[in-house]
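Written out below as structure tokens is the structure these notes cover.
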Amino acid sequence: MQQEYGIHMKGGVITERNPDFSTVRIRAPAGVLTIEQLRGIADIAKKYGTGVVHCTTRQTIEIPHVNPKTLKRVAQRLEKNGTPIGSEKDEIVNITSCPGTERCKFANIDTISLAKKIDEKLFGKTMPVKMRIGLSGCPNACVSPMLNEIGVIGRIRPIRTEGLCTGCGMCVFYCKEKAIRVRNGISELDEEKCVQCGMCVKSCSFNLLKEAHTHYLITVGGRRGRHPKIGRELLTVKTGEDVLIVIDKIIDWVYRRAWSGRLLSEQLDELNFEKLREDILKQVPEASAAAWPVKK
Ligand code: SF4
Ligand code: SF4
Ligand code: SF4
176 MQQEYGIHMK GGVITERNPD FSTVRIRAPA GVLTIEQLRG IADIAKKYGT GVVHCTTRQT
236 IEIPHVNPKT LKRVAQRLEK NGTPIGSEKD EIVNITSCPG TERCKFANID TISLAKKIDE
296 KLFGKTMPVK MRIGLSGCPN ACVSPMLNEI GVIGRIRPIR TEGLCTGCGM CVFYCKEKAI
356 RVRNGISELD EEKCVQCGMC VKSCSFNLLK EAHTHYLITV GGRRGRHPKI GRELLTVKTG
416 EDVLIVIDKI IDWVYRRAWS GRLLSEQLDE LNFEKLREDI LKQVPEASAA AWPVKK
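Take 176 as the starting number for the sequence shown in our numbering and just add one per residue.
Structure follows, in structure tokens:
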């Protein structure tokens, strides 16, 4: 059987330490797979690998120890299974996501649907640098979105409305940031300390703490690895549709301007990050942009 060089060059095919074998990485947006897809992957891993799979940090699955000569067949089987070969090189790689409002009681946004939409639009696009995108439903940041080239975090900005506060302290109890205190029997918010998790809003039975604003914080230029870096806060938007628009613009900006061979985090200033923010704020409808001051 002829070796398939085209497939071998794909980002989702990784040459192993022993170059006679390849590991095949799968595309699994938000790390969600059906039971049928899992069974299919198991069958493929048994036939073409060693019957073992590896779960990766990017919420996907790899099939190790595949003979490169069988890659074409493996690719066809994976495609048919609805779990095609993934990406790994200077491309947009598997989109990661926490469960969001689909399952998590702390979530402020629907991360999984959004991750799937981002995947549909952008997965596998060749870029000058590797682009990882991660989404978390709240500032607990369970998938570490700020350590991705693009991160999205669902937040709620609380507001203390007028009304009779009982001073019960329930909101103080639920705020892990010590951003609320009860003074003279009345609750007070400290916006400097608040990380906008929204827990206090859920905790007040008297509805005095309200959701002034649910929004998506978008960060750029984070990375893991040997010198981890937290992404910079770019801006906030109100809707998932606006997240898609902003991510498109970030991708276009990186595609046109970034240099290959260096991580995005190392070139943010040279690429004029502040200008990117200005440009996007001009283009995204005013009502949806910069709803809350971001930390620069
Ligand atoms: S980041 Fe927040 S919403 Fe997502 S799983 Fe963690 S606690 Fe839940
Ligand atoms: S949103 Fe979260 S951090 Fe902010 S005051 Fe409420 S509980 Fe505290
Ligand atoms: S704002 Fe609500 S939860 Fe907080 S002290 Fe007042 S009544 Fe209690």
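Virtual Cβ for every residue (Gly too), placed ideally from N, Cα, C. Note that this is a predicted model, so its numbers are computed, not measured.
Chain-ordered, the residues whose CB falls short of 5 Å from any heavy atom of ligand 1 come out as CYS273, CYS279, PHE281, ALA282, SER311, GLY312, CYS313, ASN315, CYS317.
Burial state of ILE361 is exposed, judged by a 10 Å Cβ sphere holding fewer than 16 other Cβ atoms. Within the region 385-415, the runs of beta strand (DSSP E) at least 3 residues long that lie entirely inside it are, in chain order, 407-412. Annotation for SER311: no alpha helix (DSSP H) segment contains it, though the beta strand (DSSP E) segment containing it runs 308-311. As DSSP reads the structure, ILE267 sits in a beta bridge with MET306. DSSP places VAL249 inside the alpha helix (DSSP H), whose first and last residues are 246-255. Around the C-beta of CYS372, 16 or more other C-beta atoms lie within 10 Å, and the residue is accordingly described as buried. If you check the CB distance, ILE355 and VAL347 come in under 8 Å. Leaving aside the five residues that flank GLY215 on each side, the residues in its chain whose CB is nearer than 6 Å to its CB run, in chain order, ASN256. Per DSSP, the beta bridge partners of CYS230 are ILE236.
Spatial neighbours of LYS424 in its own chain (CB-CB distance under 6 Å, excluding positions within 5 residues in sequence) are listed in chain order as ILE455. Selection MET374, GLY396, GLY338, LEU451 evaluated against GLU386 yields MET374 as nearest (Cα-Cα). The residue from GLY275, PRO259, ARG332, CYS379 with its alpha-carbon nearest to that of CYS340 is CYS379. Residue pairing from DSSP leaves GLU449 without any beta-bridge partner.
The criterion of a C-beta distance shorter than 8 Å is satisfied by THR235 and GLY261. Take THR190, set aside five residues on each side of it, and the residues of its chain with a beta-carbon closer than 7 Å to its own are SER197, in chain order. In terms of Cα proximity to LYS292, the closest of PRO204, VAL421, VAL327 is PRO204. In the DSSP assignment, no residue is bridged to ARG431. Setting aside the 5 residues that flank it on each side, PRO259 is surrounded in the same chain by ARG202, LEU253, each with a C-beta closer than 7 Å to its C-beta; the list follows chain order. The C-beta distance from MET321 to THR394 rounds to 5 Å, short enough to meet the 8 Å contact threshold.
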